[in-house]
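Participant: Add 572 to a position in the sequence shown, counting from 1, and you land on the number used in the numbering used here.
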Amino acid sequence: MSMTSYELDTEEFVGSFRASVGYGLLIIRDSNSTETHADWEGSDIHVTRDSIYLCVQHPVDGPVTVEVFEGPPAREDGFVWFDGVIVSAGGTFIVHDPDEDVRLVVRTDHPGEVRLRIASDVELLSTSVRRASDVELLPTSVRLNFWY
573 MSMTSYELDT
583 EEFVGSFRAS
593 VGYGLLIIRD
603 SNSTETHADW
613 EGSDIHVTRD
623 SIYLCVQHPV
633 DGPVTVEVFE
643 GPPAREDGFV
653 WFDGVIVSAG
663 GTFIVHDPDE
673 DVRLVVRTDH
683 PGEVRLRIAS
693 DVELLSTSVR
703 RASDVELLPT
713 SVRLNFWY
């Protein structure tokens, strides 16, 4: 799906999926990113300049719903896990799992900095690494808003 090259006042639906996300890891990245997240130590969210690792419900526990919108959020529901800037060299982002069994391409047609807000159905814990007993607290629903 392609996003327009002007700033929006309201959000517009871009795409979605409901699927088992491999390894319980959702990756949001610039299509040209070579980021390996080598310093990631299992935290629920790990952010680099052009790539984000987001832990979600493991596939053995069920599917995850991901919705993508262009524009600032129309409503302030859910728990915000990230609200900041991500960079894209060509204006295209890919949302996928590690094996790319699930893959959604988001074309912003806007290279450079893009505002990204990630909200989910569960609160981000303050600890950097989850305990095994916290597994049920991983997101089953994720909402991404891209705008500039």
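C-beta: ideal position from N, C-alpha, C; glycine also. Bear in mind the structure is a predicted one, so any value in this text is a computation, not a measurement.
Just checking my contact of Leu626 with Ile690 at CB under 8 Å: how many whole Å lie between their CB atoms?
Facilitator: Numbered from its first residue, the sequence shown carries residue 626 at position 54. Numbered from its first residue, the sequence shown carries residue 690 at position 118. Their Cβ separation, rounded to whole angstroms, is 7 Å, which keeps Leu626 and Ile690 in contact under 8 Å.
Participant: Measuring only the C-alpha atoms, how far is Ala610 from His618?
Facilitator: In the sequence shown, the residue the question calls residue 610 occupies position 38. In the sequence shown, the residue the question calls residue 618 occupies position 46. Roughly 11 Å separates the two Cα atoms.
Participant: Between Tyr720 and Pro670, which are expected to be in contact by the criterion C-beta below 8 Å, what is the C-beta distance as a whole number of angstroms?
Facilitator: Counting from 1 along the sequence shown, the entry for residue 720 is found at position 148. Counting from 1 along the sequence shown, the entry for residue 670 is found at position 98. Not confirmed; about 28 Å, so no contact.
Participant: Looking at the strands, I want to know which residues DSSP matches up with Leu696.
Facilitator: For the purposes of this step, residue 696 is taken as the residue at position 124 of the sequence shown. In the DSSP output, where bridge partners are listed per residue, Leu696 has none listed.
Participant: Excluding the five sequence neighbours on either side, which residues of its own chain have a C-beta within less than 7 Å of the C-beta of Ala661, listed in chain order?
Facilitator: As a first step, residue 661 must be located in the sequence shown, where it is residue number 89. The answer, listed in chain order, is Asp602, Asn604, Pro683.
Participant: Identify whether Asp611 lies in helix, strand or coil by the three-state DSSP scheme.
Facilitator: By 1-based counting over the sequence shown, the position of residue 611 is 39. Coil.
Participant: Please state whether DSSP places Val677 in a helix, a strand or coil.
Facilitator: For the purposes of this step, residue 677 is identified with residue 105 of the sequence shown, where counting begins at 1. Three-state result, Val677: strand.
Participant: First and last residue of the beta strand (DSSP E) that includes Asn717?
Facilitator: Stepping through the sequence shown from its first residue, residue 717 is reached at position 145. 713-719 is the extent of the beta strand (DSSP E) around Asn717.
Participant: Would you kindly report the start and end of the unbroken beta strand (DSSP E) that includes Asp655?
Facilitator: Sequence index remark: in the sequence shown, residue 655 carries index 83 (1-based). First-last of the beta strand (DSSP E) with Asp655: 651-660.
Participant: Determine the burial state of Val714: buried for a count of at least 16 other Cβ atoms within 10 Å of its Cβ, exposed for fewer.
Facilitator: Position 142 of the sequence shown holds residue 714. Buried, because 16 or more other Cβ atoms sit within 10 Å of the Cβ of Val714.
Participant: At 3 residues or longer, what runs of the beta strand (DSSP E) sit wholly inside the stretch 618-647?
Facilitator: As far as the stretch 618-647 is concerned, its whole beta strand (DSSP E) runs of at least 3 residues are 623-627, 636-642.
Participant: Hey, out of Thr620, Asp649, Thr680, whose CA is closest to Val694's CA?
Facilitator: Taking the sequence shown and counting its residues from 1, the one referred to as residue 694 is at position 122. The shortest C-alpha separation from Val694 is found at Asp649.
Participant: Roughly how far, in whole angstroms, is the beta-carbon of Val628 from the beta-carbon of Leu710, given that I think they are within contact range, below 8 Å?
Facilitator: As a position in the sequence shown, residue 628 is number 56, starting the count at 1. As a position in the sequence shown, residue 710 is number 138, starting the count at 1. Yes, Val628 and Leu710 are in contact; Cβ-Cβ is about 6 Å, under 8 Å.
Participant: Would you decide whether Val657 is buried or exposed? Buried here means 16 or more other CB atoms lie within 10 Å of its CB.
Facilitator: For the purposes of this step, residue 657 is taken as the residue at position 85 of the sequence shown. Classification of Val657: exposed, given that the 10 Å Cβ count is below 16.
Participant: Assuming Asn717 contacts Phe641 under a Cβ cut-off of 8 Å, what Cβ separation, rounded to an integer in Å, is found between them?
Facilitator: Mapped onto the sequence shown, residue 717 falls at position 145. Mapped onto the sequence shown, residue 641 falls at position 69. Correct: roughly 5 Å between the Cβ atoms.
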